[in-house]
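The next block holds one structure in the form of structure tokens; read it before the comments.
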Amino acid sequence: MRRALRELAVRHGRVLAASWRQRHRRPAGWFDPVETEFLPSALSLQERPISPTARWLARILMALAAGALVWSVVGKTEIVVHAAGKVVPVGQSKIIAASDTGRVARVLVADNSRVAAGDVLLRLDAGVTDAEERKWRVQAAQARQDEARSRAMIRALDTGRAPVLAELPADPGMMAAQSYLDSQYADYQAQLRSIEAAIAAYRRELGLVTQIAHAHRGLRRDGDVSQQAYLEKEQARTTLEGRLRQSEAQRAALQTQTRRQAFETLVLARKLAAQAEQEIARTSAQRSRLVLTAPVDGVVQQLVALTEGTAVAATQPLMMVVPSGAGIQVQAQLDSKDIGFVRAGAPASVKVGAYDYTKYGTLEGTVLHVSPDTVVDDRQQHSYRVTIALAQATLEVDGQPQRLKEGMAVQADIRTGSRRLIEYLLSPVARHAGESLGER
Numbered sequence: 007m008r009r010a011l012r013e014l015a016v017r018h019g020r021v022l023a024a025s026w027r028q029r030h031r032r033p034a035g036w037f038d039p040v041e042t043e044f045l046p047s048a049l050s051l052q053e054r055p056i057s058p059t060a061r062w063l064a065r066i067l068m069a070l071a072a073g074a075l076v077w078s079v080v081g082k083t084e085i086v087v088h089a090a091g092k093v094v095p096v097g098q099s100k101i102i103a104a105s106d107t108g109r110v111a112r113v114l115v116a117d118n119s120r121v122a123a124g125d126v127l128l129r130l131d132a133g134v135t136d137a138e139e140r141k142w143r144v145q146a147a148q149a150r151q152d153e154a155r156s157r158a159m160i161r162a163l164d165t166g167r168a169p170v171l172a173e174l175p176a177d178p179g180m181m182a183a184q185s186y187l188d189s190q191y192a193d194y195q196a197q198l199r200s201i202e203a204a205i206a207a208y209r210r211e212l213g214l215v216t217q218i219a220h221a222h223r224g225l226r227r228d229g230d231v232s233q234q235a236y237l238e239k240e241q242a243r244t245t246l247e248g249r250l251r252q253s254e255a256q257r258a259a260l261q262t263q264t265r266r267q268a269f270e271t272l273v274l275a276r277k278l279a280a281q282a283e284q285e286i287a288r289t290s291a292q293r294s295r296l297v298l299t300a301p302v303d304g305v306v307q308q309l310v311a312l313t314e315g316t317a318v319a320a321t322q323p324l325m326m327v328v329p330s331g332a333g334i335q336v337q338a339q340l341d342s343k344d345i346g347f348v349r350a351g352a353p354a355s356v357k358v359g360a361y362d363y364t365k366y367g368t369l370e371g372t373v374l375h376v377s378p379d380t381v382v383d384d385r386q387q388h389s390y391r392v393t394i395a396l397a398q399a400t401l402e403v404d405g406q407p408q409r410l411k412e413g414m415a416v417q418a419d420i421r422t423g424s425r426r427l428i429e430y431l432l433s434p435v436a437r438h439a440g441e442s443l444g445e446r
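One point on numbering: in this note's numbering, the residue at position 101 of the sequence shown is 107, and numbering is uninterrupted.
Given below as structure tokens:
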């Protein structure tokens with residue numbers, strides 16, 4: 007009995023070992039597909055062939071992951087700085103504003119009017135300026151007349167001839183000035199003749215009195231006349247000499263005073279004439295500023311509603327002249343955090359807001375200039391101004407070249423360098439890690 011059991015156990019062990027060795031070489035097809043459907047679930051799964059799809063899918067995913075990792079380490083991407091802006095003409099649009107406060111006299115242009123450099127755009131009322139200029143011109147003419155009269159009087163005093171205003175034009179003003187000068191010279195001559203007549207009379211009388219005094223001196227030595235009579239004659243002679251010297255001093259004083267007055271009038275007239283000429287130049291310049299002209303050839307835009315008599319303030323923008331025939335460029339606002347990476351010469355791609363860049367593409371450009379300091383916009387935000395030159399001024403839209411217009415909104419993508427993809431992916435992690443490590 008024991009022997010039979012031992013042999014049975016040995017036989018089953020051999021069968022089990024043989025089956026275990028051949029577990030991977032079991033011939034397929036023990037059951038056909040129909041039979042497997044009626045097998046127990048476990049046997050049905052064992053007998054069903056394994057699908058290679060999942061295995062290949064896993065292999066593909068692992069390959070893609072490995073390729074992405076290699077690409078992130080080897081591959082590089084561009085670093086782009088975004089700046090919003092608009093299209094502007096080269097040289098900028100010219101803002102037209104009044105230099106002085108005034109009132110509108112006439113508007114000579116309208117919106118979209120084409121103008122040439124120097125064309126009159128608007129005139130301000132020059133009534134006050136004209137009145138002021140007329141006043142100073144009258145004062146200048148009066149000062150020139152006074153100057154001419156003074157020079158003529160000085161020449162007359164030097165030559166003894168009647169003064170003539172030959173340097174002034176023959177007009178009623180010159181005739182009045184000549185008449186006034188003649189009356190001045192006549193008064194001077196009358197005073198001078200009166201003094202000279204007195205001098206001549208004193209000289210004649212002095213000669214006679216001197217002879218009498220000398221005769222009395224001889225008679226006094228001979229004892230024919232008394233000492234008192236002699237002294238009376240000497241006193242009379244001395245008195246006449248004093249009167250003569252006084253009259254001669256009056257003549258010299260008259261000549262000196264007349265000459266001094268003429269010179270003083272001449273100096274004052276020259277001063278007033280120079281002042282009047284300066285004021286005339288000032289008012290002329292002020293009148294020229296009341297006429298607003300086009301600084302360049304272009305088109306009038308953004309004309310303010312103006313009518314005759316409208317008051318305008320100094321520096322108030324009245325209109326804008328957009329240069330015609332000039333190229334265009336992009337002027338964009340750059341955030342302060344990006345200014346350290348943008349330099350002149352950096353390449354840029356410009357996206358035009360009016361056209362979908364995914365369909366119509368972008369325009370290439372180059373940074374021309376970066377402002378050295380921030381500018382403040384209407385929202386009181388500080389930013390740097392960047393000027394970008396465009397390689398072309400047209401964009402292909404539905405097969406037709408479309409020229410960009412001034413004022414179009416754009417976004418400039420300025421390329422400042424490149425970096426690896428792995429750096430781009432890990433930079434947020436590194437930044438947050440660095441910030442978190444510094445927290446208290």
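Think of the CB as a built atom: it goes at the ideal place given N, C-alpha and C, for glycine as much as any other residue.
Note that this is a predicted model, so its numbers are computed, not measured.
Report task. Could you tell me the boundaries of the beta strand (DSSP E) in which E402 lies? Result -> Reading the sequence shown from its first residue, position 396 is the one you call residue 402. From DSSP, the beta strand (DSSP E) with E402 extends over 400–403.
**Report entry** Runs of beta strand (DSSP E) wholly within the segment 356–395 (minimum 3 residues, chain order)
**Finding:** 369–376
Query - Burial state of G156 (16 or more Cβ within 10 Å) - result: Walking along the sequence shown from the start, residue 156 turns up at place 150. Residue identity differs from the one stated: residue 156 is Ser in this sequence, not Gly. With 16 or more Cβ atoms within 10 Å of its Cβ, S156 is classed as buried.
Query raised in the report: Which of the three DSSP states, helix, strand or coil, is assigned to T83?
Result: Taking the sequence shown and counting its residues from 1, the one referred to as residue 83 is at position 77. Correct three-state label for T83: strand.
Requested in this report: Decide if Q151 is buried, meaning its Cβ has at least 16 other Cβ atoms within 10 Å, or exposed.
Outcome: As a position in the sequence shown, residue 151 is number 145, starting the count at 1. Q151 is buried by the Cβ-count criterion.
Query raised in the report: How would you write the range of the beta strand (DSSP E) that R349 sits in, first residue to last?
Result: By 1-based counting over the sequence shown, the position of residue 349 is 343. That residue, R349, is in no beta strand (DSSP E); it is neither H nor E in DSSP.
Query raised in the report: Is D131 near G108, with beta carbons less than 9 angstroms apart?
Result: Position 125 of the sequence shown, counted from the first residue, corresponds to residue 131. Position 102 of the sequence shown, counted from the first residue, corresponds to residue 108. A contact, by the Cβ cut-off of 9 angstroms.
Report task. Say whether the segment 343–354 touches the segment 132–139, bearing in mind that this needs 3 or more beta-carbon pairs closer than 8 angstroms, one atom from each stretch. Result -> At 8 angstroms Cβ cutoff, the stretches do not touch.
Query raised in the report: Between the C-alpha atoms of R421 and L298, what's the straight-line distance to the nearest angstrom?
Result: By 1-based counting over the sequence shown, the position of residue 421 is 415. By 1-based counting over the sequence shown, the position of residue 298 is 292. As the crow flies, the alpha-carbon of R421 is around 43 angstroms from that of L298.
Requested in this report: Flag this pair as yes or no: are the beta carbons of I201 and L260 separated by less than 9 angstroms?
Outcome: As a working mapping, residue 201 is identified with position 195 in the sequence shown. As a working mapping, residue 260 is identified with position 254 in the sequence shown. With contacts defined by Cβ atoms closer than 9 angstroms, I201 and L260 form a contacting pair.
Query raised in the report: Beta-carbon of P301 versus every beta-carbon of chain D: anything under 9 angstroms?
Result: Among the chains of the structure shown, chain D does not appear; only one protein chain is present.
Query raised in the report: Which one or two residues does DSSP pair with H88 in a beta bridge?
Result: Residue 88 sits at position 82 when you count from the first residue of the sequence shown. In DSSP, H88 forms a bridge with D419.
Query - For Q335, the three-state DSSP class (helix, strand or coil) - result: Taking the sequence shown and counting its residues from 1, the one referred to as residue 335 is at position 329. It is a strand residue.
Requested in this report: Identify every residue that forms a DSSP beta bridge with L130.
Outcome: As a working mapping, residue 130 is identified with position 124 in the sequence shown. Answer by DSSP bridge pairing, in chain order: V110.
**Report entry** Alpha-carbon spacing of Q337 relative to Q322, whole angstroms
**Finding:** What you label residue 337 is simply residue 331 of the sequence shown in a count that begins at 1. What you label residue 322 is simply residue 316 of the sequence shown in a count that begins at 1. Spanning the two alpha carbons is a distance of roughly 24 angstroms.
**Report entry** Three-state secondary structure (DSSP) of Q151
**Finding:** On the sequence shown, position 145 is the one that residue 151 refers to. Residue state, collapsed to three classes: helix.
Report task. Return the bridge partner residues of R425 from the DSSP annotation. Result -> Start at 1 with the first residue of the sequence shown, and residue 425 comes out as number 419. T83.
Query raised in the report: Taking just the CA atoms, how far does I101 sit from R385?
Result: Here residue 385 refers to the residue found at position 379 of the sequence shown. Here residue 101 refers to the residue found at position 95 of the sequence shown. Answer to the nearest angstrom: the Cα atoms are 21 angstroms apart.
Query raised in the report: Do you know offhand how far K365's Cα is from G371's?
Result: Counting from 1 along the sequence shown, the entry for residue 365 is found at position 359. Counting from 1 along the sequence shown, the entry for residue 371 is found at position 365. Going from the Cα of K365 to the Cα of G371 covers about 19 angstroms.
Report task. Give me the Cα-Cα distance between G73 and L67, rounded to the nearest whole angstrom. Result -> Here the question's residue 73 lines up with position 67 in the sequence shown. Here the question's residue 67 lines up with position 61 in the sequence shown. Each residue's alpha carbon lies about 10 angstroms from the other.
Query raised in the report: Can we say the segment 291–308 touches the segment 116–129, given the rule of at least three CB pairs closer than 8 angstroms?
Result: yes
Query raised in the report: Does the Cβ of V79 have 16 or more other Cβ atoms within 10 Å, making it buried, or fewer, making it exposed?
Result: Mapped onto the sequence shown, residue 79 falls at position 73. Exposed, since its Cβ has fewer than 16 Cβ neighbours within 10 Å.
Query raised in the report: Hey, out of M159, V96, A287, D379, whose CA is closest to R266's CA?
Result: The residue you call residue 266 lines up with position 260 of the sequence shown. Of the candidates M159, V96, A287, D379, the one whose C-alpha sits nearest the C-alpha of R266 is M159.
Query raised in the report: Between T393 and A291, what straight-line distance do the alpha-carbon atoms span, to the nearest angstrom?
Result: Your numbering for residue 393 matches position 387 in the sequence shown. Your numbering for residue 291 matches position 285 in the sequence shown. Going from the Cα of T393 to the Cα of A291 covers about 36 angstroms.
Requested in this report: Would you list the one or two residues that DSSP bridges to V302?
Outcome: As a working note, residue 302 is residue 296 in the sequence shown. None, per the DSSP bridge assignment.
Requested in this report: Grab the span of the beta strand (DSSP E) containing V327 for me, first residue to last.
Outcome: On the sequence shown, residue 327 is found 321 positions in, with the first residue counted as 1. 323–329 is the span of the beta strand (DSSP E), which, as asked, contains V327.
Query - Exposure of K357, with buried meaning 16 or more beta-carbon neighbours within 10 Å - result: Residue numbering aside, residue 357 sits at position 351 when the sequence shown is read from its first letter. Buried, because 16 or more other Cβ atoms sit within 10 Å of the Cβ of K357.
Report task. Give the straight-line distance between the Cα atoms of E412 and A60, rounded to the nearest whole angstrom. Result -> Residue 412 sits at position 406 when you count from the first residue of the sequence shown. Residue 60 sits at position 54 when you count from the first residue of the sequence shown. The alpha-carbon separation between E412 and A60 amounts to approximately 59 angstroms.
Query raised in the report: For K100, which three-state DSSP category applies?
Result: What you label residue 100 is simply residue 94 of the sequence shown in a count that begins at 1. Note: K100 maps to strand in three-state DSSP.
Query raised in the report: To which residues of the same chain is E285 closer than 6 angstroms at the C-beta, ignoring the five residues directly before and after it?
Result: Numbered from 1 along the sequence shown, position 279 holds the residue referred to as residue 285. Here the set comprises W142.
Query raised in the report: Do you know how far the Cα of R12 is from the Cα of G19?
Result: Along the sequence shown, read from residue 1 onward, the residue named residue 19 stands at position 13. Along the sequence shown, read from residue 1 onward, the residue named residue 12 stands at position 6. Pairing G19 with R12, the inter-Cα distance amounts to about 11 angstroms.
Requested in this report: Say whether the segment 301–314 touches the segment 103–120, bearing in mind that this needs 3 or more beta-carbon pairs closer than 8 angstroms, one atom from each stretch.
Outcome: yes
Report task. Would you tell me roughly how many angstroms separate the C-alpha atoms of V86 and D404, rounded to the nearest one? Result -> Here residue 86 refers to the residue found at position 80 of the sequence shown. Here residue 404 refers to the residue found at position 398 of the sequence shown. Cα to Cα, the separation comes out at about 28 angstroms.
Query - Distance between V327 and A147 (C-alpha atoms, nearest Å) - result: For this step, residue 147 is matched to residue 141 along the sequence shown. For this step, residue 327 is matched to residue 321 along the sequence shown. When rounded, the distance between both Cα atoms is 42 angstroms.
Query raised in the report: Measuring CA to CA, which of L187, L410, Q387, H388 is closest to L396?
Result: Taking the first residue of the sequence shown as 1, we reach residue 396 at position 390. L396 has its Cα closest to that of L410, out of L187, L410, Q387, H388.
Query - Pair within 9 angstroms by beta-carbon distance, A467 and L324 - result: Because the chain spans 7 through 446 in this model, residue 467 falls outside it and cannot be assessed.
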